[in-house]
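> Here it is, the structure, as structure tokens.
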Amino acid sequence: MNDTSRKPCPCGSGMALADCCQPLHDGAVAGTPEALMRSRYSAFALGRHNYLLNSWHSTTRPAELNADDTHWVRLEIVDHGVDESDGEPRGHVHFRAFFCEGREGREGRAGRSRWGMLEERSRFLREQGHWRYVDGQPRVSRLKPGRNDACPCGSGRKLKQCCGN
């Protein structure tokens with residue numbers, strides 16, 4: 011395995027990418043909507059647009075995704091579950107994803123960066139034996155962390171000592 015696969019998974023599981031979301035990116039089946047959501051977040055963070063499109067339900071899948079300069083820094087899973095009461099499994103994941111726009115990697119300056127949080131309640135359905143993302147109810151909030159505030163990436167360090175330096 012290469013060094014890239016041993017780095018921490020962007021989804022925040024605490025596992026290595028190679029042991030967490032990478033197998034799903036390489037074609038393994040997500041066992042739960044939460045696992046699929048984590049792998050989709052990691053795909054956004056890593057720029058793997060083909061995986062994102064492939065993990066979208068065919069009834070709501072866009073034709074393409076546009077690349078942007080969003081730097082995804084942290085994922086929080088608030089709630090998740092599966093409901094099979096009507097015989098058709100339906101999944102949901104409520105998450106918060108923190109991001110920074112308008113900077114180049116970690117070299118950007120906090121004054122030129124725009125921080126935000128995407129909160130969404132996502133819906134998932136099974137399609138051909140695979141969980142697929144259907145849609146969600148997104149809400150974007152702008153964050154305005156000061157240099158001495160905690161970094162939105164969740165490191166526990168001050169912004170000026172972390173992503174803002």
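Quick note on the working numbering: the sequence shown kicks off at 11 and runs consecutively.
C-beta atoms are modelled at their ideal positions from N, C-alpha and C, and glycine is treated no differently.
#1: Closest to H158 by CA distance: which of G174, V39, P148, S68 is it?
#2: If you draw a straight line from the C-alpha of L128 to the C-alpha of P162, how long is it?
#3: V103 bridges to which residues according to DSSP?
#4: Sorted by chain position, which residues of the same chain lie with C-beta nearer than 6 Å to F108's C-beta, five sequence neighbours on each side aside?
#5: Which residue's Cα is closest to the Cα of G37: P18, N60, C21, T69?
#6: Output the boundary residues of the beta strand (DSSP E) element that contains R152.
#7: Where do the ends of the alpha helix (DSSP H) carrying N64 lie?
#8: State the DSSP-derived secondary structure class of S111, mapped to helix, strand or coil.
#9: G164 to Q171, Cα distance in whole Å?
#10: Grab me the residues of H140's own chain with a C-beta within less than 6 Å of its C-beta, minus the 5 sequence neighbours each way, in chain order.
Well, looking at it:
#1: Within the sequence shown, numbered from 1, the residue matching residue 158 stands at position 148. The sequence given here has Asn at residue 158, not His. Nearest C-alpha to N158: G174.
#2: For the purposes of this step, residue 128 is taken as residue 118 along the sequence shown, with counting starting at 1. For the purposes of this step, residue 162 is taken as residue 152 along the sequence shown, with counting starting at 1. Spanning the two alpha carbons is a distance of roughly 12 Å.
#3: As a position in the sequence shown, residue 103 is number 93, starting the count at 1. Its beta-bridge partners are H90, S132.
#4: Locating residue 108 in the sequence shown gives position 98, where the first residue counts as 1. Cβ neighbours of F108 beyond the five flanking positions: V83, R84, M127, P162.
#5: For the purposes of this step, residue 37 is taken as the residue at position 27 of the sequence shown. Considering only alpha carbons, the answer is N60.
#6: By one-based count along the sequence shown, residue 152 stands at place 142. Per DSSP, R152 belongs to the beta strand (DSSP E) from 140 to 153.
#7: Taking the first residue of the sequence shown as position 1, residue 64 is located at position 54. 59 to 64 is the extent of the alpha helix (DSSP H) around N64.
#8: As a working mapping, residue 111 is identified with position 101 in the sequence shown. Looking at the sequence provided, one finds Glu at residue 111 rather than Ser. Of the three classes helix, strand and coil, the one that applies to E111 here is strand, per DSSP.
#9: Sequence index remark: in the sequence shown, residue 164 carries index 154 (1-based). Sequence index remark: in the sequence shown, residue 171 carries index 161 (1-based). In a straight line, the C-alpha of G164 is about 12 Å away from that of Q171.
#10: Against the sequence shown, residue 140 aligns to sequence position 130. Same-chain partners within the cutoff: V39.
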